[in-house]
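For the sequence shown, the working numbering begins at 1459 and goes up steadily by one.
Cβ atoms here follow ideal geometry from the backbone N, Cα and C, with glycine treated the same way.
Have a look at the structure below, then the notes.
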Amino acid sequence: MQTIQLYNLSIGYGKHAVVSDINATLNSGRLTCLLGRNGVGKSTLLRTLAGFIPPIAGNIYIQGTPLERLSHQELAEKISVVLTERMDIRNLTATELVGLGRTPYTGFWGVLSDEDHKIVSNAMQLVGIEQLAERNISSLSDGERQKVMMAKALAQQTPIIILDEPTAFLDFQSKVDTLRLLAQLAHELDKTVFLSIHDIELALQITDEIWLLDNQRKLHTGTTKQLIEDGTLHHFIESEHIRFDADDRVVRLQK
């Protein structure tokens, strides 16, 4: 099912468009990776879809409803967001942080009900961090902290999860674990999971679909196979000293 639809979308800041004429859709049950070099507008696109930045032109539909018609409450019930910025949350335990995902449902005082506590516990179990429940966030590794943030997004119980570079700052094994977990959440819970990433090789091996912003800031969409066959990935990756092995889906350095 289509959960996000973009029509003739232009994004940017003020009147300055960073990317224009975007027409694309995101689907439930799919992991979609957004690729592109630094500065081409990946974070701007994510923040626009999340409702943090207004579009310059065009339309965004969230489950069939124009984004601008959704209240903050309604948007928080449809989209959860995990950003790269590190919040000042050093005094919270992992459970308390995951519990913040219930904020859209807890009212003014933010008191969790028994049902909320069950949802928080289930989210932590799904991500595999029950053992971190009483640990202070400041004591966690980057990989553990990222899993806590994903559990928070799950506790929010939204059909759409948007993540800005969730593998940044992680070691290789943690990158793999994070991407496998996100793919599992998309497939088993029928969620739309949309993330930006610089780890091209990992993304190509695990993603269901790719959105690629090229150097001319044009958006290409499709499966890895489709973007290999039409030459998009070769053109994006290859340079004088870099070659893309389409058969193995790996990047090789040329000496």
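Bridge partners - residue i, DSSP secondary structure assignment
i	result
residue 1669	1492, 1679
residue 1537	1618
residue 1760	Only positions 1459 to 1713 of the chain appear in this structure, which leaves residue 1760 out of reach.
residue 1551	1594
residue 1515	1468
Residue i burial status per 10 Å Cβ neighbour count (16 or more: buried)
i	result
residue 1665	buried
residue 1572	exposed
residue 1723	Residue 1723 falls outside the range modelled here, since the chain spans only 1459 to 1713, and no answer is possible.
residue 1459	exposed
residue 1660	buried
residue 1474	exposed
residue 1706	exposed
residue 1694	buried
residue 1654	buried
residue 1494	buried
residue 1566	exposed
residue 1708	exposed
residue 1589	exposed
residue 1569	exposed
residue 1501	buried
residue 1702	buried
residue 1700	exposed
residue 1674	exposed
Span of the alpha helix (DSSP H) around residue i
i	result
residue 1634	1630-1647
residue 1664	1658-1664
residue 1574	1572-1585
residue 1690	1690-1695
Secondary structure of residue i, DSSP reduced to three states
i	result
residue 1556	helix
residue 1520	strand
residue 1600	helix
residue 1498	coil
residue 1606	helix
residue 1593	coil
residue 1528	coil
residue 1711	strand
residue 1613	helix
residue 1653	strand
residue 1684	helix
residue 1542	coil
residue 1588	helix
residue 1506	helix
Extent of the continuous beta strand (DSSP E) to which residue i belongs
i	result
residue 1463	1460-1471
residue 1475	1474-1485
residue 1566	From DSSP, residue 1566 is part of no beta strand (DSSP E); its letter is neither H nor E.
Chain C contact for residue i (CB, 8 Å cutoff)
i	result
residue 1664	In the structure shown, chain C cannot be found, because there is only a single protein chain.
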